[in-house]
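S.K.: First residue of the sequence shown? That's -18 in this note's numbering, and the numbers climb one at a time after it.
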Amino acid sequence: MISVSIIQRTRKAGVKTRTWSLRYQSPTSGKRITEATGVTRKSVAEELARKKQRELELIASGIQNPAVRLQQATWAEARKAFLDSVRVRNSDGTLKNYQYSLEHFERIVQPRSARSITAVDVERFVAGLHETCKPVTINKHLRQLGRFLRWGKDMGFVDHIPKLTKLKQDRKLPVKIPPDAQAKLLAATHDPDCEVRFRSRGWWRVWIKTLFYTGCRRGELLNLIWDDISWDEKHLLVQAEHEKTHRDRVIPLCDGILEALKTWWTASESPDGSMHVFPVVQESCRQVYDDW
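(1) Where do the ends of the alpha helix (DSSP H) carrying H257 lie?
(2) Could you have a look at Q150 and say whether DSSP puts it in helix, strand or coil?
(3) Can you pull the DSSP bridge partners for R230?
(4) Taking C-beta to C-beta, are W56 and S94 nearer than 9 Å?
(5) Which residues share a DSSP beta bridge with I142?
(6) By the 10 Å Cβ neighbour count, where 16 or more other Cβ atoms means buried, how is C288 classified, buried or exposed?
(7) Near G254, what residues of its chain come up, given a Cβ to Cβ distance below 8 Å and the 5 sequence neighbours on each side ignored?
(8) Count the other CB atoms within 10 Å of the CB of H171; is the residue buried (16 or more) or exposed (fewer)?
(9) Taking all protein chains shown into account, decide if P47 is buried (16 or more other Cβ within 10 angstroms of its Cβ) or exposed.
(10) In angstroms, rounded to a whole number, what distance separates the CA positions of L51 and S7?
(11) If we ignore side chains and look at the alpha-carbon of each, how far apart do W188 and L126 end up?
(12) Three or more C-beta pairs closer than 8 Å, one from the region 95 to 107 and one from the region 140 to 155: is that the case here?
(13) To the nearest whole angstrom, what separates the beta carbons of H216 and I238, a pair I think is in contact under 8 Å?
(14) Mapping DSSP to helix, strand and coil, what is A48?
(15) Assign E36 to buried or exposed, taking buried as 16 or more other Cβ atoms, counted over all protein chains shown, within 10 Å of its Cβ.
(16) Which class does I158 belong to by DSSP, given the choice of helix, strand or coil?
(17) Pull up the DSSP beta-bridge partners for E16, would you.
(18) Check for me: the beta strand (DSSP E) holding I(-13) runs from which residue to which?
(19) From L76, T244, K165, L110, pick the residue whose C-alpha is nearest to that of F86; which is it?
(20) Considering Cα atoms alone, identify which of V20, E28, L64 is closest to L39.
(21) Are the Cβ atoms of K23 and I(-13) separated by less than 9 Å?
(22) Give me, in chain order, the residues of the same chain whose beta-carbon lies closer than 8 Å to that of N120; leave out the 5 immediate sequence neighbours on both sides.
(23) By DSSP, does I98 sit in helix, in strand, or in coil?
(24) Between E87 and chain B, is there a C-beta pair that is closer than 9 Å?
(25) Assign I119 to one of three DSSP states: helix, strand, or coil.
(26) Looking at V139: is its Cβ nearer than 9 Å to the Cβ of L123?
(27) Leaving out five residues before and five after A221 in sequence, what residues of the same chain have Cβ atoms less than 7 Å from its Cβ?
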């Protein structure tokens, strides 16, 4: 029976850390492992523990069932096992990225098994992508393929990982936002000729101010709930499960942003703390700007 527990490790001074760790027994080596999560919320740590337990159960089932790791395992079997592992460990967006890259590889190379993949196959893959993809996209697909191959070697599907040489990319200067961009965007929310389809003008005014001041990613703001804002300590918390590096991040807020958020909270009829600060109707954060 595989079990994953969460603990707060104790420092030498006898003080417990704020972050949670996972503790479990490896189904492959039998060793007791303590894995740091970097999260401070117990509920988030418990969800990570459940995901880890499902992942370990998948690994254990592969060990107990030799057919899963036979040298004759097909490409489809290895691909399915890998995506099952990703599904219990990562977000739906990450899963789709891996599915997309492996579908491209399957279409171009048509491998019989993961074990049969060679450097020649990788070169064919890159050449096939050149027809429709830019170097930055090709390198992304190579990263996804590399992750699959490393996982395959750990699980016994792959003996040798061929070299994955990334393409050179043009390094362009970062795009600088003009100082008056925020003022122009806010002015547009007051323009009667500027129509918005899904959200109110007030929603957009608070969104623009918060986005410019905090530097948050749009997905981080769309997942922000009212309980993540501390009015007394004047900061907001980006939860680890919505943060790119999977770590809680605290961002201080100035009085102007706090006042804008308080006004928006009142205009939203004082919603419950578990409700989103910026509610949306679209399924993907990529569609948020379809309002204009």
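All C-beta atoms, glycine included, are put in the ideal place defined by N, C-alpha and C.
M.R.: Inspection of the coordinates gives the following:
(1) No alpha helix (DSSP H) holds H257; DSSP gives it neither H nor E.
(2) Reduced to three states, the DSSP call for Q150 is coil.
(3) Beta-bridge partners assigned by DSSP to R230: V219.
(4) Result yes, Cβ atoms of W56 and S94 sit closer than 9 Å.
(5) DSSP output for I142 lists no bridge partner at all.
(6) Residue 288 is absent from the model: the chain starts at -18 and stops at 273.
(7) If the five residues before and after G254 are omitted, its C-beta is found closer than 8 Å to the C-beta atoms of I206, W207, D208, all from its own chain and listed in chain order.
(8) That one is exposed.
(9) The pLDDT assigned to P47 is 48, lower than 50, so where the model puts this residue is not dependable; a value taken from the coordinates is nonetheless given after this. The residue is exposed, with fewer than 16 neighbouring Cβ atoms inside 10 Å.
(10) Annotation note: pLDDT 49 at L51 (below 50); position unreliable, no value reported.
(11) W188 and L126 have their alpha carbons spaced roughly 37 Å apart.
(12) Contact between the region 95 to 107 and the region 140 to 155 is present: 3 or more CB-CB pairs across the two stretches fall below 8 Å.
(13) H216 to I238, Cβ: 10 Å. No contact.
(14) Its pLDDT being 45, under 50, A48 is placed unreliably in this model, and the value from its coordinates should be taken loosely. Correct three-state label for A48: helix.
(15) A residue is called buried when at least 16 other Cβ atoms come within 10 angstroms of its Cβ; E36 meets this threshold and is buried.
(16) Here I158 sits in coil by DSSP.
(17) DSSP output for E16 lists L3 as bridge partner(s).
(18) Start and end: -14 to -12.
(19) Comparing alpha carbon positions, the residue from L76, T244, K165, L110 closest to F86 is L110.
(20) Relative to L39, the option among V20, E28, L64 whose CA is nearest is L64.
(21) Taking a C-beta distance under 9 Å as the contact criterion, K23 and I(-13) qualify as a contact pair.
(22) The answer, listed in chain order, is K147, L148, Q150.
(23) Three-state DSSP puts I98 in coil, outside helix and strand.
(24) The question asks about chain B, but that chain is absent: this structure has only one protein chain.
(25) I119 carries a helical assignment under DSSP once its states are collapsed to helix, strand and coil.
(26) No, these two residues do not count as a Cβ contact at 9 Å.
(27) Listed in chain order, the non-local C-beta contacts of A221 below 7 Å within the same chain comprise G19, V20, V25, H227, R228, D229, local neighbours out to five positions each way being set aside.
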